[in-house]
Structures are given as C-alpha cells and as structure tokens.
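J.: I'd like to ask you about the structure that follows.
Residue numbers (full-length UniProt numbering): 1 to 591.
Here's what the structure looks like:
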C-alpha cells in the first residue's frame with residue numbers, strides 16, 4: 001500500500017517480513033491432538049494421526065456417528081456443532097459444516113479476515129460466512145480495491161482539465177478562469193482586464209465575454225477581430241455609373257456625387273434641365289444623359305457653345321489671310337478670290353497637317369490640302385491606325401470524317417474548330433455555333449485564352465475574350481468576412497464587388513432571373529463536411545465561374561446533396577468525352 005514517501009506490505013497467510021519474504025513456521029503452535037504429528041508444506045500444514053484417530057486435528061475417533069454420539073452422550077444430530085451434519089465415511093465419521101465454521105466438529109468460527117482481503121488500509125470486520133471491509137475515504141469495492149474517480153462527474157467547468165487524486169481532485173484551469181472548479185470566468189471585457197486599459201472593440205463594437213477571451217460584435221459597416229476595419233461601401237460601386245461623378249465613403253454609409261441632370265441616392269433619376277431654358281440665342285434644348293451638363297443645346301447657324309452663347313465666326317481667327325464663312329456644316333476659313341487667294345491656297349500644307357509620314361498635296365478647296373496615307377493608316381490627317389485585315393475565313397473542313405461525326409453526342413476534338421463547324425455543338429453543350437454572334441472577321445476563337453487582352457474580342461458576343469481584358473490580381477478586401485456572410489440575405493456593401501462575389505446577390509435590387517439549369521458537380525468531401533463549408537464553397541466556385549450559385553433543394557425543401565457512387569459504364573473512350581443528353585439517374589445520384 002502506497003504511502004507518503006513509503007509503502008507497507010499486507011502479507012498473505014504463511015508469510016511475514018517488511019516485504020513478505022519470510023515463510024512462517026506454522027507447526028510451532030501445533031494443534032494436532034492424540035499423538036498426532038504436525039507436518040508443514042509451504043504455506044500449509046497437516047496432522048499425521050495415529051491409526052485410531054482422524055480429522056484435521058486428530059481429534060475424531062475412528063467410529064461411526066452413532067458411537068461418537070454415545071461417547072459424547074448426545075444425539076446423533078448434535079455430534080457436529082453449529083448445525084453441522086454428521087456423515088459416516090468408511091469406518092469413521094465426518095462433519096459437514098455450515099458456511100463460516102470449520103474444525104472436526106464445526107466448533108471453530110472461520111476468520112475471513114485472516115487472509116487480509118481488504119485493500120488500501122481498510123478495516124476488516126469478520127462476519128459469519130464472510131467479511132466486511134470498512135474503506136477509507138477515496139476507495140470503494142467489496143475489498144476496497146478501487147480508487148474512487150472523483151473526475152468521473154466532470155467537476156471542472158469552463159473547459160478545465162480534471163486530475164484525480166485520493167479522495168479529492170484538482171482542476172487545471174484555462175487562461176481567464178480560476179477557482180476550485182474553474183467556475184470563475186474572468187470578465188475579459190472589463191476595463192482593468194487589459195494591460196493597456198484601452199477598449200477591446202472599436203467603432204462602437206460590443207464586447208462579448210468568453211472563456212479565456214472575448215469576441216466583438218461589430219455594428220453594420222465594420223469588420224475585423226476588434227471591429228477596426230471600416231467596410232468601404234464604395235467598393236461595391238453603388239452609384240449609377242451614368243449619373244454619378246464619384247462615391248464618397250462615410251461611416252457605415254456612402255454618398256453619390258451626381259452629374260448634372262441626375263439626382264437620387266444612387267444618381268439614378270434623371271432631371272429635365274431643359275425646363276430651365278439654358279439655351280441662348282434661340283437654341284433648342286434636349287436632354288442628353290451622356291453629356292457633362294445633362295442636356296445639349298442645338299444652336300442656330302452661326303452660334304456655338306454649351307448654351308449657344310458664342311458667335312462661331314467671332315471666335316475663329318483664320319490664318320494665311322483666310323476669311324470666316326458660315327456654312328451649314330459650320331464656320332469655315334476660305335481663301336478670298338484674287339491674287340491673295342492664290343497665295344492663301346498654296347499655304348494649306350504649310351502647317352504640316354499630315355501625320356505618320358504621309359504626303360501633303362495642296363488643294364483648291366477647303367481645307368486646301370490632301371494627305372496621301374502610308375499603309376495601315378487612315379483619316380484626313382492619316383492619324384488613325386488601321387490594322388491589317390485578317391486572312392479570309394476558311395470554309396472547308398480539312399477532315400472529311402467530321403461531317404459524319406457531327407451531332408453524334410461525342411466530343412471529337414479534331415473537329416471542334418471553326419472550319420469543321422465546332423462538331424455541331426458536341427463539345428459545347430449542344431450549341432452548334434458558339435461563335436455565331438462574334439464577327440467572323442475578328443477570328444476571336446483563335447485569340448481565346450491566349451493570355452493577352454484582345455480588345456476587339458472583349459464583347460459579350462465574343463465571350464469577353466475569356467475575361468483576359470479584366471484587371472487581374474485583385475482580391476476581396478474583406479475576404480473572411482465576406483465568405484462568412486455570403487448569400488445570407490443581408491446586404492454587405494463592402495462585399496458587393498466582383499472579387500467578393502457580389503455578396504451572393506444580397507445587395508441586388510433587380511436580381512437577374514435564375515436559370516433553371518442544374519450544374520452537377522462531384523466534390524471530394526463527405527456531404528456533412530461540405531454543408532459545413534457551403535458558403536465558402538459557393539463563393540469560390542461562383543468566383544471561378546463568374547456567376548452566382550445556390551444549392552438546389554428538392555420538393556421537401558431539403559438540400560440535394562448526396563454521396564456519389566459513379567457508374568461503371570460512364571468511363572469515356574480514349575481521346576473523347578461523353579456528353580449526356582439528359583441526367584441519367586440510377587445507382588448514382590446528383591445534386
């Protein structure tokens with residue numbers, strides 16, 4: 001038995017010593033009667049009796065029960081004590097004792113405590129046919145052999161770790177807690193809990209005490225661990241691009257600076273500025289949302305200016321002795337007639353108006369010169385670059401077999417080109433002419449995915465040149481915040497940007513009509529694991545595909561998310577990919 005810096009051995013019967021190393025001489029106090037001899041064998045002993053005697057102690061005569069009763073002057077059922085039963089065995093007799101008694105005639109009470117059955121210094125109480133151990137505090141069991149696990153009831157609170165001791169326990173408390181059972185949680189939001197004494201949460205954030213720490217509940221417009229980040233609502237471009245000049249960020253808000261002719265929170269409403277009669281000199285006013293002033297004045301012949309306030313010829317100074325003449329196409333400087341006019345006409349090329357190495361030729365009519373442009377340049381002054389014309393479109397497919405493979409449900413990559421008719425749509429979701437609306441002279445299919453911005457192909461009809469003209473490298477400013485609040489039906493303007501996935505369309509007032517098509521995708525995650533990461537998954541996938549996605553629900557409004565087992569007959573042939581014409585439901589499931 002363990003003690004404080006020591007131990008004690010409880011020896012079994014027949015041994016003694018500090019470590020129970022000494023065998024006792026059990027025959028020192030011989031109990032053999034009637035001339036019997038004590039013989040010891042290990043931890044036991046026995047009596048070797050004379051011929052007339054038997055029994056454990058040589059105290060039973062070799063007679064029957066009846067003779068023994070007569071010798072004791074008792075009845076046969078009284079030969080054995082304590083309700084023992086006398087049985088004749090051969091030429092002698094024997095007593096069968098009740099539990100808890102022993103001896104030749106059941107005269108001895110068995111001491112069940114003699115073998116020291118009680119552990120851990122428990123006190124043994126001998127009972128008839130048994131024993132009772134009175135356990136010390138901290139132990140239990142019939143023989144007090146089990147130590148009581150005081151940690152079984154999980155007494156430590158707030159995440160404390162319990163260590164079991166004898167008749168007690170101790171708790172190792174996490175930071176921010178104390179007490180016998182870690183039941184006292186320090187208020188981490190208290191002013192004196194922080195060394196600097198400053199606020200935990202900024203910008204009006206609410207401090208929420210936790211176990212060994214705190215969290216900040218940020219007001220709208222702020223993010224970060226301490227609400228230190230001001231969400232820039234202008235990043236989502238909330239102002240109408242046609243009607244606004246700038247977006248001014250405010251605390252949890254923004255203001256749109258409108259152009260002339262626009263009003264409203266987003267500068268989306270048009271103001272009819274023509275009602276103010278801004279046009280002078282009988283000019284006609286019309287609303288023009290694309291003009292800087294929001295209106296355009298159509299001036300009478302001879303007047304110019306935003307409001308027709310200037311006389312055109314009064315603002316023009318003609319050179320080379322030319323004079324200003326009003327025409328239907330505007331004021332022109334013409335050479336006068338006579339000798340002065342001839343000298344005036346010969347000065348048309350004097351100012352070197354032709355660009356890019358063009359040749360200037362004098363002309364008798366305004367503007368009194370003509371430019372002969374070099375190759376690839378155009379315009380009156382040869383200042384417009386005209387790229388070389390692309391080679392003519394091919395019309396003949398070089399692979400005759402493509403005509404028979406078209407529209408067979410199998411994508412044949414060697415036929416998936418412009419000359420072979422894109423394999424009749426077998427490689428493009430059954431769109432037989434994916435580039436039909438893209439101008440053929442641009443040949444944008446040859447420039448698609450070439451890691452270069454081709455502006456002539458940056459249109460919807462030409463699939464935006466595979467988005468290669470968009471600025472790259474931009475990341476979502478509030479990445480973690482926007483992912484956790486993606487498509488949560490609450491508009492976060494700081495997340496309403498392309499790189500942040502447009503906040504899952506939470507801020508869209510005119511949400512586009514959702515397509516009824518189903519995107520079937522296999523994800524290498526367990527369904528429950530994917531559900532836990534669904535906002536992050538949909539955000540990343542939507543960014544990759546440049547769209548917004550939602551998990552489809554079945555008629556019972558349950559997510560269509562199931563294990564995928566695949567199909568043995570779906571393995572595509574070498575060099576081709578199988579295109580299904582419908583969703584084939586069977587052993588596999590889709591969602």
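Using N, Cα and C, we set each Cβ at its ideal position, and we do this for glycine too. As the structure is a prediction and not an experimental result, all values here were calculated from the model.
Residues in the same chain with beta-carbon distance under 6 Å from residue 173, minus the five sequence neighbours each way, listed in chain order, please.
T.: The count along the chain shown starts at 1 and reaches residue 173 at position 173. Cβ within range, chain order: 160, 182.
J.: Please report how far the alpha carbon of residue 558 lies from the alpha carbon of residue 490, in whole angstroms.
T.: Position 558 of the chain shown, counted from the start, is the residue given in the question as residue 558. Position 490 of the chain shown, counted from the start, is the residue given in the question as residue 490. Distance between the alpha carbons of residue 558 and residue 490 is about 22 Å.
J.: Please specify which runs of the beta strand (DSSP E), each continuous and at least 3 residues long, are wholly inside the segment 478 to 508, giving them in chain order.
T.: none
J.: Here's a check: name, in chain order, each residue in its chain whose Cβ is nearer than 7 Å to the Cβ of residue 175, leaving out the five neighbours to either side.
T.: To locate residue 175, count along the chain shown from 1; it is residue 175. Taken in chain order, the residues that qualify are 212.
J.: So, is residue 9 buried or exposed, given that buried needs 16 or more other C-beta atoms within 10 angstroms?
T.: Working through the chain shown from its first residue, we reach residue 9 at position 9. When all chains shown are included, residue 9 counts as exposed.
J.: I'd like to check one pair, residue 14 with residue 24: are the Cβ atoms closer than 9 Å?
T.: As a first step, residue 24 is located in the chain shown; it is residue number 24 there, counting from the start. As a first step, residue 14 is located in the chain shown; it is residue number 14 there, counting from the start. Closer than 9 Å, so yes.
J.: Tell me the rounded alpha-carbon separation between residue 217 and residue 201.
T.: Residue mapping note: residue 217 aligns to position 217 of the chain shown, counting from 1. Residue mapping note: residue 201 aligns to position 201 of the chain shown, counting from 1. Using only the alpha carbons, I get a separation of about 8 Å.
J.: Residues in the same chain with beta-carbon distance under 8 Å from residue 151, minus the five sequence neighbours each way, listed in chain order, please.
T.: The count along the chain shown starts at 1 and reaches residue 151 at position 151. Correct list, in chain order: 162, 163, 164, 169.
J.: Since residue 93 is in the beta strand (DSSP E), which residue starts that stretch and which ends it?
T.: Here residue 93 refers to the residue found at position 93 when the chain shown is read from its first residue. Residue 93 -> beta strand (DSSP E) spans 92 to 96.
J.: Tell me which residues share the same chain as residue 397 and place their Cβ nearer than 6 Å to its Cβ, disregarding the 5 neighbours each side in the sequence.
T.: Numbered from its first residue, the chain shown carries residue 397 at position 397. For residue 397, where only same-chain residues beyond five positions count, the Cβ hits under 6 Å are 419, 420.
J.: Residue 308 and residue 281: beta carbons closer than 9 Å?
T.: Along the chain shown, read from residue 1 onward, the residue named residue 308 stands at position 308. Along the chain shown, read from residue 1 onward, the residue named residue 281 stands at position 281. Result yes, Cβ atoms of residue 308 and residue 281 sit closer than 9 Å.
J.: Report yes or no: do three or more beta-carbon pairs, one from the segment 491 to 508 and one from the segment 523 to 543, lie closer than 8 Å?
T.: Flag = yes, the segment 491 to 508 and the segment 523 to 543 touch.
J.: Given a threshold of 16 other Cβ atoms within 10 Å of its Cβ, counted over all protein chains shown, does residue 26 qualify as buried or as exposed?
T.: Residue mapping note: residue 26 aligns to position 26 of the chain shown, counting from 1. Burial call: buried.
J.: For a minimum of 3 consecutive residues, which ranges assigned as the beta strand (DSSP E) are wholly contained in the segment 218 to 296?
T.: 244 to 250, 253 to 258, 284 to 287
J.: So what's residue 112 in DSSP terms, helix, strand or just coil?
T.: Working through the chain shown from its first residue, we reach residue 112 at position 112. Correct three-state label for residue 112: helix.
J.: Cα-Cα, which of 334, 285, 521, 93 is closest to residue 367?
T.: Locating residue 367 in the chain shown gives position 367, counting from the first residue. If we check each option's Cα against that of residue 367, 334 comes out closest.
J.: Within its chain, find whatever has a CB closer than 6 Å to the CB of residue 469; leave out the 5 residues flanking it on each side and keep chain order.
T.: Here residue 469 corresponds to residue number 469 of the chain shown, with the count starting at 1. Excluding residues up to 5 positions away in sequence, 453, 458 lie with their Cβ nearer than 6 Å to the Cβ of residue 469 in the same chain.
J.: What would DSSP say about residue 178, mapped onto helix, strand or coil?
T.: Indexing the chain shown from 1 puts residue 178 at position 178. Strand.
J.: Using the beta-carbon count (16 or more within 10 Å), is residue 483 buried or exposed?
T.: Residue 483 sits at position 483 when you count from the first residue of the chain shown. Buried, because 16 or more other Cβ atoms sit within 10 Å of the Cβ of residue 483.
J.: Under a Cβ-count criterion, where at least 16 other Cβ atoms within 10 Å of its own Cβ denotes burial, should residue 538 be classed as buried or exposed?
T.: Locating residue 538 in the chain shown gives position 538, where the first residue counts as 1. Label assigned to residue 538: buried.
J.: Just the C-alpha distance for residue 424 and residue 436, rounded to the nearest angstrom, thanks.
T.: As a working note, residue 424 is residue 424 in the chain shown. As a working note, residue 436 is residue 436 in the chain shown. Distance between the alpha carbons of residue 424 and residue 436: 12 Å.
J.: Classify residue 543 as helix, strand or coil using the three-state DSSP reduction.
T.: Here residue 543 is taken as the residue at index 543 of the chain shown, counted from 1. Of the three classes helix, strand and coil, the one that applies to residue 543 here is helix, per DSSP.
J.: Does DSSP put residue 42 in a helix, in a strand, or in coil?
T.: Residue mapping note: residue 42 aligns to position 42 of the chain shown, counting from 1. Reduced to three states, the DSSP call for residue 42 is coil.
J.: Could you compute how far the alpha carbon of residue 256 sits from the alpha carbon of residue 519?
T.: Here the question's residue 256 lines up with position 256 in the chain shown. Here the question's residue 519 lines up with position 519 in the chain shown. Per the coordinates, the alpha-carbon of residue 256 lies some 38 Å from the alpha-carbon of residue 519.
J.: Let me check one thing: in DSSP terms, what residues is residue 48 bridge-paired to?
T.: Locating residue 48 in the chain shown gives position 48, counting from the first residue. For residue 48, which the question treats as bridged, DSSP gives the partners 37.
J.: Quick one: using the 10 Å Cβ neighbour count with 16 as the cut-off for buried, is residue 259 buried or exposed?
T.: Counting from one through the chain shown, the residue named residue 259 turns up at place 259. Answer is buried; the Cβ neighbour count reaches 16.
J.: Am I right that residue 80 and residue 105 are in contact with their C-beta atoms under 8 Å? What's the rounded C-beta distance?
T.: The sequence position of residue 80 within the chain shown is 80, counting from 1. The sequence position of residue 105 within the chain shown is 105, counting from 1. Right, the Cβ-Cβ distance comes to about 5 Å (below 8 Å), so this counts as a contact.
J.: Since I believe residue 145 is in contact with residue 138 (beta carbons under 8 Å), could you give me their beta-carbon distance rounded to a whole number of angstroms?
T.: Walking along the chain shown from the start, residue 138 turns up at place 138. Walking along the chain shown from the start, residue 145 turns up at place 145. Actually they do not touch by this definition, with Cβ atoms about 13 Å apart.
J.: Helix, strand or coil: which one does DSSP assign to residue 5?
T.: Walking along the chain shown from the start, residue 5 turns up at place 5. The answer is coil: DSSP assigns residue 5 none of H, G, I, E or B.
J.: When DSSP labels each residue in this structure, what does residue 424 get in the three-state scheme?
T.: The sequence position of residue 424 within the chain shown is 424, counting from 1. If DSSP states are grouped into helix, strand and coil, residue 424 belongs with the helices.
J.: Assuming residue 49 and residue 65 make a contact with CB atoms under 8 Å, what is their CB distance in whole Å?
T.: The count along the chain shown starts at 1 and reaches residue 49 at position 49. The count along the chain shown starts at 1 and reaches residue 65 at position 65. Residue 49 to residue 65, Cβ: 18 Å. No contact.
J.: So if DSSP puts residue 298 in a beta bridge, which residue, or which two residues, is it bridged to?
T.: For the purposes of this step, residue 298 is taken as the residue at position 298 of the chain shown. In the DSSP output, where bridge partners are listed per residue, residue 298 has 284.
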